[in-house]
Each structure stands twice: as C-alpha cells, then as structure tokens.
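Quick note, the sequences are listed as chains Y and C, same order. Residue numbering for the first sequence is 1 to 433, as defined by the numbering used here. Residue numbering for the second sequence is 1001 to 1504, as defined by the numbering used here. Ideal Cβ positions, reconstructed from N, Cα and C, are used throughout, including at glycine. Computed from a predicted model, the values in this text were never measured in an experiment.
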Amino acid sequence: MSTPPSSTPTVEGTAPAEAAPAVIAVVSRKAAVLLTLIAAGLAAAVGFGSQDGETTFRLARSTDFFELPEITVPAENTAWVMIVLLAVIAAESWRRYLKRRSTPIWLVAVYSLLAMTGFLSWAAAGGTVPVVSLLGNSVLLAVPLVFGALGGVLGERAGVVNIAIDGQLLAGAFAAALVGSLTGSVWAGVLGAMAAGTVVALILGLFAISYFVDQVIVGVVLNVLVIGITSFLFTQVLAPNAADLNSPPRFSAWNIPVVSEIPLIGPILFRQAPIVYLLYIAVALVTWSLYRTKWGLRVRAVGEHPKAADTVGINVNRTRYRTVLLAGAIAGMGGAFYTLVSVPQFNREMTGGAGYIALAAVIFGKWDPIRATLAALLFGFASNLQGVLSVLGSPVPSEFMLMLPYVVTIFAVAGLVGRSRAPAAVGLPYRKT
Amino acid sequence: MQLALRGITKRFGSLVANDRISLTVEPGEIHCLLGENGAGKSTLMNVLYGLYQADEGEIALDGEVQHFSGPGDAIAAGIGMVHQHFMLVPVFTVAENVMLGNEATGLGGVLDLDAARARVREISQRFGFNVDPDAVVEDLPVGVQQRVEIIKALSRDARVLVFDEPTAVLTPQETDDLMGTMRQLKEAGTAIVFITHKLREVREVADRITVIRLGRVVGEADPGASNAELASLMVGRPVELTVHKEPPVLGEGALVVSGLTVADATGLVHVDDVSFSIRGGEVLAVAGVQGNGQTELTEALLGLQDHVLGSITLDGQELVGRTVRQILDAGVGFVPEDRQVDGLVGTFTIAENLMLDRSFGPPFVRAGSLQLGRLEAFAQEKLTEYDVRAPGISTHAGNLSGGNQQKVVVARELSKDLRFLVAAQPTRGVDVGSIEFIHKQIVATRDTGIPVLVVSTELDEVVALADRIMVLYRGRIVGIVPADTPREVLGLMMTGERPEGVVA
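The structure is reproduced here in structure tokens:
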C-alpha cells in the first residue's frame, strides 16, 4: 500500500475518510417559540387585568373518605411566580434549541402544569377552584372525543381516513335517544348508537373501499348527510312526539368500591357514569388488540403496505371493511354520551363539531390509541375549563373562553406535534391492477 | 416439487401480456426466465402467485392442477416469491414481517412473537444470513431486506421459489451472496425460478434458460451460450454489447470542479472536498457503490443542492451559487438518476415532457402561449430520431416502458445547445436494446467535443463508456484511473482501498 500524495490526510492503506461525517440532528424551534409566547401572553393578561384577593384550590369533595386540605394562595403573586418559572423553562428550551437539542416532553408537561396553576390562580381570584370536579368533568366531557378518536385511530391504521367521525357521533346520539326512549333502557340506547355508527361506517366503507371514492370527500359529505337526516327526523318525528320518542333514560354515576375512595384520583376517575368505564375498557382493548394480536398486526399491515399484506394472503379490503365497521361502532358509542349522559334529549347538530376535534386528537396522538386518548382528554379539559371559568366570573371575556378548545386544538396539532408519521397507505384505496 | 405452467395466456384488454407460455421447473433446478423489461415475465409470475387469474392455461404442481384465487392459495400450495419491489411493511420488525399472514398465536389471538423470532433465527442461521429479528425493516440495507423476503418465503415452507429481478438493487458483493444462497436452496431441493435480464447472472447460476419476448417463449438456451447469443434471443435481433468508440479527441471546453463539498440540511457531508476536471470530448465515469455521494455530486452540478462549498466552472464560468435555470441556460444537460421522480411528469404527454425545461420562451412559448404546432413537429421528429416506441406523441410518459421513458429524457437533454452533459444511472431499469441506443447517444455527444460525466453503479457500464474512471467512496475520491483498469482493482477501490500507484 502506498501513501497517497494527496492533500487529504489518510491512514496508510486504508480508505480516505474512514471516520464517517457526524450526523447532526435537526431541531425545530417551534417548542421554544410556543413556550415563550404562552409565558408572554400570561404575563400580559396578569399585567393588564390586575386581580386582587386569594384563590382557593379545593382538592377533595366534602364527602370524601380521605379529605385533602384546601390550598389557598394569593392570586396575583402566585401568578407572577408561575410566570417567572415559565420564563425560565422557555429560556431553557431556547438554550437547548441553540445547542441543537430538542425540548423533552417532561419539561413541556411541567410547563403546562405551572401555566395552568398560574392562570387559574389569577383568573379565579377571590373564588374557589374545584380541582376535582374540574378534572372529573373534563374526563366526562372527553368521552365522545375519546370514543371518536379511537374510531379514527382504528380506521386510519387500516388505511381509511375517517372524516365521518362527527357524523357517526351525531347518528349515535340520535339513535341512542330514540332507542333509549322506546325501550326505556340506557344499554339498549348504547347498542342503538353503536348500530347507527356502524351504518354510517358502512356507507363510508362502500364508497371509500369498494368504489375508490376520495375518502375525505365521502367523509365530509357523510357528515353533512347525517346532519340533514337527523335534523329532518328531529323536527318531523322526534320533536312532535318528544314524550315518547325523545326522552331517553339517563346514565347515573356509579361509584366503584375502594378505588373511588383514593384521594384526588378516585373522585376524578371512578365516580363516573358507566359509559366512562366502558371507555376505559375500550381504550385498553383497542390498544391491546392493535399491538398484541394477529388481528391488530393485519390491520396495521393493511394500512401501511396493503400490497404486502395481499401477497401473504390477507384479504385487504375485507380487513379494511371489518375495521371501519368496528371503528364506526366505537365512534357511535361515543355519540350516546350526548343523549344518555349530557342532556336527556336529542337536539339538532348537538355534537358541535366534536368529531373534528376527535380527528385532531388522532393526529396529535400520532395514530396511537393511548396518545390519542390523552389528546382527547386535553381537549375535554379545555372545554370544561371554559365552562368552569365562566361560572367563576373570570376577567377573560366569555367569547374568548368559548374559543379555548379550538385554540388548544390548533396549537396542539400545528405547534406541538413533533415528527409524526401517518400510516403509509392512509387515504389510498387498494385495487389490484 | 415440480412446477409446470401449461399454455398460460393473460390478456389486459387488447394487450396479450402472456401468450400460451409453457414452462417446467424441476426440483433442485434453477430455471432462468430471461427477457427484457415488459416481455411479460412479471405478469407470468403474478399469475403463478395468484395475483392475476390466467385467461387460459393451467398451473400444475407435481402433476396436480391448481386453482389459485389469491396469493394465499399459492402460498399454501408451497409457492414463495421474492418480489422485485419488496413486499415488506417498512415500519414492522423483521419478525413481524415474517409472521404476517401466517401468525403463530396464543390464547385470544395474541401474537407469539417469540416463535416468530425463533423461526427467523433458525432460517437465518441455516443460510448464514445474520438477520436480527427485532430490527425494523426500513432501517436495514436493501440487501438485508431482500434476505428478509427470502426468510419470509422459506418460513412458509416454499418448495417453489420465484426470484423476480432480485439483483436490480444489489451491489456486486450482495449479488454474489445471493447467488450463493440460490445454490444452497437448489441443493436442498427447492425449485427456483429466476427472473432477470442480466446475462452475466444467468450464465452463472442457471441450469436451464427460457427466453421470453413480447409475451411468448422464443426458445430455450443453454447456460453455456454466449452473452451475444442470449442477448440476440432476448431482443430478437443481433445486439452489440460492447460500445464502440474512438480514442477521445480532447477539445477546448472543460468542466473544472475544485474543493467541492456538499452537505445536507442536517449538516451531514455527502461530498467531501472533491476536485476533478473533464476536458471537452472526454467521458469521466464515476464508479462506486450507491450512496457514496454520487447523487449529491450530480445534483450539485445542476444547482439542486443548497449547501455547497467550493467551485464548479464550465468553460471558465462559475456555476456554484447560480440558479438551476441559469445553469441550464449555461448549457448543462442532466439525465437524473430516477427518471420517474426527477426526469418526467408521468401524467404529461411525451411532447409536453420534451419541452419541460424549455417553457420559458421561444421556440415553444411565445407571448405566454404554447406553440403547439411547433411542439408537435419537434416531438414527432425526436420520437423518430430517438426510436421511442410509443403510439404517438400524445401518449402519457407514465405509460411507456422504462427504456422508452429514458429515451424521452435523453432526447430532451441532448436536443439543446449542450456545453456539458451529466448522465446519472443512464440505463437503470432499461432494456438491452435501449441500453445499446442510449450508450451510442452518450458516446456521440462526447464526440461532438463536450465534457460528459456518467455516474453508474454498474461496473460494466462504467468500463464501457469511460475514458477515465473516478471512484467515489464516502463522498471522497479514492482515485481517478484509466478506463482499462482491471475490474478487480476497481472493485477494491469501491470499498475504499487505494491500490499501489493510484493517485487521488
């Protein structure tokens, strides 16, 4: 081996540049910008809308077995302390960005908790923040979102975009009201809701899977269709016969023994309507099936690389149909929440676009059932916060508060989602050439 | 297991893709199916695999006639397939891919991943594959991905194994390994169908050769047949496999690259301080295993890379820092390595593709309006001149065969006022007849006295076209050597070794 007379320093006899060039990670500054903006926004709100007095955080209900003490803090000073801490975290995020490192998720979580504490202690000055019911009702309000998101995750994992979640929720709400009123049974109402969601899913499947129609368009059209049909039936059939056809029974809360007595967690999670427990089961079951069973493996394969699935003898379209129908049943179950838990009667367009927020939760949750559930819970929290604050009489105009769930959705999906990757074949019909 | 195809006919509309094809493959035999791209080999195998239903004819295994309504039936009957485009789910692990469709399950449909891992390890060990069952497929090199495909087929106890163009994506070393595996399988009694259009490989492993042209069996060939005999059977006329060219007449113009460094958006360096020059009338061919900076080098020459240091001058004009438009106007012709992605718009017609880079003004655009008459005349002329086999100039480029698509790209790039030509992988996925034609065009371009840079991962092509050969390894030049450098030396250089006497 000769020594090369080139300008590049090389080890004798070996290749030039044996040491591979370093790989440098690409870091987005989205997180840092967002954290800074939120801290600044909170500082501006507190600075301009000065609030006197103290804020009390109530961590338990009076009926609790173990009663946690109430915490009372000076409103404005607490808010400023939190703002300083937020600024520190935002600065840390910038420091990490400059060093080409990403902001870890736990830091964002701590930030969120501090921001919420600061915001609440300022906004609820002079009053009491019922932490337990704030969080407990968040879980309840998130029920249709979580069911919707589960339906969305399942459909998209199999390769079918499910824009029709909203339609499935609405159809479910309608069917639950009707069947519940007719039979007088909440459980029959839930079954009716599942059936209605499945029917919407069947139409989606028919067009999207069998006839290769653009899935987004079918989904949107289905939503409009369900709004039209349910509104028509509501005015023509349900409203005139409200006593017989639109007065379903209601789910009452069940306390689960023992676990419902755990401080903080018990009242939030285990003193809920049975449909919430159904939700826990659904989340666990969907997650487990998707990642641990033969069925789940095939669903994911069909959504990622349908041709590969086909070449190992899996019937792609049949798998997609089954999954989409199941997804419809799950989303429909979420619709039952509106008429069997929330208000005991059906109303026109009563989902208020929750299906679209569920869809956002699917993306924010990176097509994973657990993360999508957490995202839906976040949106549920935003909706509930809005209600609680308007009761407390916060200095924020109520119009702004009504925007909250949607603002959170936009920020979450646009700002905080890191690198997420949809199932490769989502939205693409499978046809053999 | 003996495989017999009898009189298979498959039509797509008016096109007869397979016309009464009969074929027998004995156990322990490697039967080569040789034919150009588009000859109907893949269609035939898709019929065998149950993906298509034959219009006529039958498939028999050990004399028993089979009826496959889908790949599941074919797999159950013992047929395995290693697809040209791997049928692997990229985000799944090796074990998950291998078990898919054939899952070992426990109670309640729970996946038994341990069983799948064990199966992967067992088969992997038998063939010396060294595949980690828990690796995610998309992170693996293509050569290893192909092994996963083989494991997948074997884990289903395939007794007939079809390899569809398996070497298209492999390095020479990986190709040798694959040949070894095929021989091992053959010794174990597997009947192997090996589909390819590469003559060297056919002669190396085939026991029998069946040649297909335009959907028909045109004859059986002996493995001892010469390359020229096989090629002429395949193409249907005598083919020149060697490129005839005169010694270069060096001209005035020159491309000079000095200290060129190209990094990507993450700061990773792909071309590292590269300097070379090409005189007018000379072909410099770049050899190297794919992924050693060739793509980034050629793209930098056209101004497609964002993070470029150093200088590129063409006839004394600096090109670094200019826009793609300005570089094209300076007379650079560019045949991109992936014509489907960078070379053509599949849903445009041939005529529209021929004027893609000339949409800024005359002759094809005047006052913002397309000159359709002029374009038509031009396209018609190029269609004939470049022997593009198509129904007409309004055929969509996406509907053409690989070879004809490439001819359209070459026609566009060569039919302007050229000062420098870059041809990246000019004949990848192109049939033998078209390869011959494109090579002649490249040599003719060089003979007009302009510098030509050819990039190819096929050593044969590099040796055939080059006046000088530059070997790249990890973004650096290992050496620039004469065209008559022995293949072994070049192969060694491609792994980064710099042999005695070679100067970078």
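CB-CB length for residue 290(Y) against residue 299(Y), believed under 8 Å: Yes, they are in contact, since the Cβ atoms of residue 290(Y) and residue 299(Y) sit about 7 Å apart, within 8 Å.
Every unbroken beta strand (DSSP E) within the segment 1301-1330 of chain C, with a cutoff of 3 residues, ordered by chain: Within the segment 1301-1330 of chain C, the complete beta strand (DSSP E) runs of at least 3 residues are 1307-1314.
Cα-Cα separation, residue 1009(C) to residue 1142(C): If you take the alpha carbons of residue 1009(C) and residue 1142(C), they lie about 33 Å apart.
First and last residue of the uninterrupted beta strand (DSSP E) at residue 261(Y): Judged by DSSP secondary structure, residue 261(Y) falls outside any beta strand (DSSP E); it is assigned neither H nor E.
Minimum Cβ-Cβ distance from residue 1114(C) to chain Y less than 9 Å: It does not; no Cβ of chain Y falls within 9 Å.
Cβ-based burial, residue 1152(C) [other Cβ within 10 Å; buried from 16]: Residue 1152(C) should be labelled buried.
Selected residue, minimal CA-CA separation from residue 1128(C), among 1184(C), 1258(C), 1138(C): Considering only alpha carbons, the answer is 1184(C).
Cutoff 9 Å: residue 1049(C) Cβ touching any chain Y Cβ: True, the Cβ-Cβ gap to chain Y drops below 9 Å.
Neighbouring residues, chain Y, relative to residue 1083(C) (Cβ below 8 Å): Those are 311, listed as they occur along chain Y.
C-beta contact flag for residue 179(Y) and residue 191(Y) at 9 Å: Yes, these two residues count as a Cβ contact at 9 Å.
Coarse secondary structure for residue 1273(C), derived from DSSP in three states: Strand at residue 1273(C).
For residue 1485(C), three-class secondary structure by DSSP: Here residue 1485(C) sits in coil by DSSP.
Per-residue DSSP class, three states only, for residue 214(Y): In the displayed model, residue 214(Y) falls within coil according to three-state DSSP, outside both helix and strand.
8 Å Cβ cut-off: residues of chain Y touching residue 1071(C): Listed along chain Y are 310, 311, 312, 313, each with a C-beta nearer than 8 Å to that of residue 1071(C).
Residue 56(Y), enclosing beta strand (DSSP E) - first and last residue: For residue 56(Y), the enclosing beta strand (DSSP E) stretches over residues 54-58.
Below-9 Å beta-carbon distance, residue 424(Y) vs any chain C residue: Residue 424(Y) counts as touching chain C.
Simplified DSSP state of residue 1002(C), which is helix, strand or coil: Residue 1002(C) sits in coil when the DSSP states are folded into three classes, being neither helix nor strand.
Residue 1100(C), enclosing alpha helix (DSSP H) - first and last residue: In this chain, residue 1100(C) is not harboured by any alpha helix (DSSP H), its DSSP state being neither H nor E.
Length of the line joining the Cα atoms of residue 351(Y) and residue 337(Y): Rounded to whole angstroms, residue 351(Y) and residue 337(Y) show a C-alpha spacing of 10 Å.
Reduced DSSP category for residue 347(Y) - H, G, I as helix; E, B as strand; rest coil: Assignment of residue 347(Y) by DSSP, reduced to helix, strand and coil, places it in the coil class.
Contact with chain C by residue 428(Y), beta-carbon distance below 9 Å: Closer than 9 Å: no.
Residue 1494(C), DSSP secondary structure in three states: Of the three classes helix, strand and coil, the one that applies to residue 1494(C) here is helix, per DSSP.
Residue of 1187(C), 1225(C), 1217(C) minimising C-alpha distance to residue 1202(C): Among 1187(C), 1225(C), 1217(C), the Cα nearest to that of residue 1202(C) is on 1225(C).
Neighbour flag for residue 102(Y) against chain C, beta carbons, 9 Å: False, the Cβ-Cβ gap to chain C never drops below 9 Å.
Status (buried if at least 16 other CB within 10 Å, exposed otherwise) for residue 294(Y): Buried: at least 16 other Cβ atoms inside 10 Å.
Rounded straight-line distance, which links the Cα of residue 1359(C) to that of residue 1464(C): CA-CA distance, residue 1464(C) to residue 1359(C), rounds to 35 Å.
Proximity test, Cβ basis, 9 Å: residue 1490(C) and chain Y: For residue 1490(C), the nearest beta carbon of chain Y is not closer than 9 Å to its own beta carbon.
Close beta carbons around residue 129(Y), own chain, < 6 Å, minus the five adjacent residues each side: So the qualifying residues of the chain are 57, 120.
Candidates 81(Y), 177(Y), 32(Y), 196(Y): closest to residue 332(Y) by CA position: Among 81(Y), 177(Y), 32(Y), 196(Y), the Cα nearest to that of residue 332(Y) belongs to 196(Y).
Alpha carbon of residue 154(Y) to alpha carbon of residue 1106(C), nearest angstrom: The straight-line gap separating the alpha-carbon atoms of residue 154(Y) and residue 1106(C) is approximately 23 Å.
Rounded straight-line distance, which links the Cα of residue 389(Y) to that of residue 24(Y): Caution is warranted here: a pLDDT of 44 is assigned to residue 24(Y), below 50, making its placement in the model unreliable, and no coordinate value can be reported.
The segment 149-166 of chain Y contacting the segment 70-86 of chain Y, beta-carbon criterion three pairs below 8 Å: Segments in contact, no.
Local Cβ density within 10 Å of residue 100(Y), reported as buried at 16 or more and exposed below that: Exposed, because fewer than 16 other Cβ atoms sit within 10 Å of the Cβ of residue 100(Y).
Contact check, residue 125(Y) vs residue 183(Y), beta carbons under 9 Å: Taking 9 Å as the Cβ cut-off, residue 125(Y) and residue 183(Y) do not qualify as a contacting pair.
Best match in 1369(C), 1353(C), 1420(C) for proximity to residue 1412(C) [C-alpha to C-alpha]: Answer by Cα proximity: 1353(C).
Chain C contact residues for residue 307(Y), given Cβ-Cβ distances below 8 Å: Against residue 307(Y), the close residues of chain C are 1087, in the order they occur along the chain (beta-carbon pairs closer than 8 Å).
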